[in-house]
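Asks:
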Amino acid sequence: MQIVKEKKAKIQRQREKNGGKSMVFDQEQQLEHQRGNEKVKQGIGGRPEKDKERKPKKKKLVKWKDQEASKVELSTRVPCLASKIPSSDVTVFEGHSSEVFACAWDPVGSLLASVSKDSTARIWTILDGPCGSKMQNGRQNEIMLEHCKGDMNQTTQDVTALDWNGEGTLLATASVDAKARIWSRDGELRATLSNHRGPILCIKWNKEGNNLLTGSFDGTAIVWRWRMNTLRRTQKFEFHSDRVMDVDWRDCDTFATSSADTKINVCKVGENHPVKTFLGHKGEVNSVKWDASGSLLASCSDDGTVKIWSINQDEYVHDLKKHIKYYWYHFLTSVSQAYTWGLQEVYAVKWCPTGPGTSNPNQSPILASASYDRTIKLWDVEAGTLLRSLNDMGPVYCVSFSPNGEFLASGTLGNVNIWSVKEGRIVKTYEGRGSIFEVSWNKEGTKIVACFENSVCVIDVRM
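Heads up: the sequence shown begins at 1 in full-length UniProt numbering, then just goes up one per residue.
#1: Given this structure, state the Cα-to-Cα distance separating G95 from D128, to the nearest angstrom.
#2: Is it true that the segment 410-430 meets the segment 445-459, where meeting means three or more beta-carbon pairs spaced less than 8 Å apart?
#3: Give the straight-line distance between the Cα atoms of G270 and T234, rounded to the nearest whole angstrom.
#4: CB G209 to CB A178, shorter than 8 Å?
#5: Verify whether the separation of the beta carbon atoms of A348 and Y316 is less than 8 Å.
#6: Distance, Cα to Cα, E444 vs L111?
#7: Would you check if the distance between the CB atom of V247 and the CB atom of T254 is smaller than 8 Å?
#8: From P107, L201, I222, pick the residue whose C-alpha is nearest to that of R243; which is it?
#9: Whose C-beta lies closer than 6 Å to the C-beta of K276 among residues of the same chain, with five residues either side of it excluded?
#10: Taking A260 as part of the beta strand (DSSP E), name the residues at either end of that continuous run.
#11: On the three-state DSSP scale, how would you describe N417?
#12: Tell me the DSSP bridge mates of A409?
#13: Check each candidate in F237, I436, A161 and name the one with the smallest Cα separation from G414.
#14: Where DSSP assigns a beta bridge to V247, which residues make up the other side?
#15: Assuming contact is defined by CB atoms lying nearer than 8 Å, are V346 and L367 in contact in what I supplied?
#16: Tell me F239's beta-bridge partners as DSSP assigns them.
#17: Looking only at its own chain, which residues have a Cβ that is under 6 Å from the Cβ of D218, when we skip the five neighbours before and after it?
#18: What distance in whole Å lies between the Cβ atoms of S287 and L296, which are believed to be in contact at a cut-off of 8 Å?
#19: Taking the alpha-carbon of residue 488 as reference, which of G355, N141, T220, V100 has the nearest alpha-carbon?
#20: Rounded to whole angstroms, how far is the Cβ of T173 from the Cβ of A121, which I believe are closer than 8 Å?
#21: Counting C-beta neighbours from all protein chains within 10 Å, is the total for H240 16 or more, i.e. buried, or is it exposed?
#22: When you compare only the Cα positions, how much space is there between T385 and I308?
As C-alpha cells, then:
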C-alpha cells in the first residue's frame, strides 16, 4: 500500500514540475472553467476577439461544502500560531538511500523498523531520553536488513511493507520480488516465503503471532502458519481479479482484503470461499481497518468515499461522501490548451481508540480519513455524520491517533502536523522535506515517527 502511495505522490510532483496548477472547485465552477477552456481551444489558429484579450478578474476560489456539511463541518486552516517543533526535539536517522515507504515501532517500544525503495529494511535502537541528543543520532544504533544479498539476478528490490509480531520478536517484511522475509530483532534472516507471483503490497501478523497474512499484486492473499520456528503456507485465497491493496485481521482466523477490483472480501482460514463480499465502491479500495471490537469495518477508495460495513449485513452501514474532487489544471501555453484532472482519492482510514473494545469504551467511536483533497475528515461512526474537516497543506497520505485518542498526527508535503481532536486545530508542527507516507505514535504517546524521503525522523511530542 505504501508503494502505491509513493507512486501517486510522484505523479503529483511531476505535475507540479511540468507547470500544473491545482484548485478546488464545486461542480458549477468546474463547468464554468471547462467552458473557458473550450473558448481557448476554439481560438487556436485565429486572432482572438477583443473581449478574449481582456485580462479576466481574479476570482476568489473557495472550497465547496453542501448545505448539510456546512452545519457541522469546521474547516480548520493551518494556524500561524501553531507551536513549531525545534530540531533539538527531533532525531533524524539517515541510513536509507532512497524513499522510505513505511515504519513501525516494535510492541516493546525500544526498536523502530523502516523499509525503503533502496532494497533494505532497517532496525533502529531508540535510546531512553530526549530526541536530538548525540547518542540518539549515532549510526551505531542501526541494523541493515539486505533484501538482495546473495541474489546475483537482483540489483534493487523495493521493500514495500512491514509488521512486527505481537511479542516484538519477529519482523516481517514484504518486497516487490514477490517474497516475504522474517527477521529476528537482531537482524537474522529466519525465513523467506515464496509463493506469490507478483509484488507483495501488504503484510500483517494476527494478534497471537501464529498467522502471517500477505497480499499481492497478483490478486491473491496467503496465510502462513508460524510453528516450531518455521513458517509454512497454510492457505491461498484467490478471490480478487486485481491487486490486493490492503489486509487487516478481524481476529486470529478471520481477515479482510481490499483490492483494485473495487471489492472487499472477508475470509476465514479453513474456508474455501469468502465469508462475506462487500460491494459498493467504484474505485480502487486503498485501505480497510476493523474497529477494536471487530464488529465494524472501515474502507476508503479512489472513488472519494469512506464506507462502514458490518459483518452482520451485506450492504454498507454508512456511505460517507464529504471528500470532494481536487481539480488539477495543466496549462500548455504553446498550444493554448488546458488539461484537467479531477482527483479525490482517500488514501487511509484510522480508528480513534474510543468506543467498544478500547480503553475509552464510554466515548463515541471516531474514524479519521486522509485524502488527496488536502483534508482529514473526522467521522461520528454511530451517526454516520461528519464531525470536523481539517484542512491540511497538501495531499494527506497518512494519519495516526495518539494512544489516548486526544491528538491526531498527519503527514503532508514535508510537514508533520499534530491536531487536537477536540478543538480541531494544529497544536504542534514539524517541517521536514519530501512527501510523508507514514506517521505513527509510540505506545506511551510521547514520540512520533515519520518517513521523510530517505530519512526516518523521531519527534518528541510530550503534550
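Where a beta carbon is used, it is the ideal one built from N, C-alpha and C, also for glycine.
Replies: Taking the coordinates as given:
#1: Cα to Cα, G95 sits roughly 20 Å from D128.
#2: These segments touch.
#3: C-alpha separation (whole angstroms): 9 Å.
#4: Contact annotation: G209 and A178 have beta-carbon atoms that are not nearer than 8 Å.
#5: Not closer than 8 Å, so no.
#6: Answer to the nearest angstrom: the Cα atoms are 14 Å apart.
#7: Between V247 and T254, the C-beta gap is not smaller than 8 Å, which leaves the two residues out of contact.
#8: Of P107, L201, I222, the residue nearest in Cα terms is L201.
#9: Within the same chain, K276 has close Cβ partners V266.
#10: That residue, A260, is in no beta strand (DSSP E); it is neither H nor E in DSSP.
#11: Reduced to three states, the DSSP call for N417 is strand.
#12: According to DSSP, A409 bridges with S400, I418.
#13: The shortest Cα separation from G414 among F237, I436, A161 belongs to I436.
#14: Looking at the DSSP output, V247 shares a beta bridge with T257.
#15: No, Cβ-Cβ distance for V346 and L367 is not below 8 Å.
#16: DSSP output for F239 lists no bridge partner at all.
#17: These residues qualify, in order along the chain: H196, R197, G198.
#18: With a Cβ gap of about 14 Å, L296 and S287 do not count as contacting.
#19: Missing from the structure shown is residue 488; the chain here goes from 1 to 463 and no further.
#20: That pair is a contact at about 5 Å.
#21: Flag for H240 reads buried.
#22: The alpha-carbon atoms of T385 and I308 are separated by roughly 12 Å.
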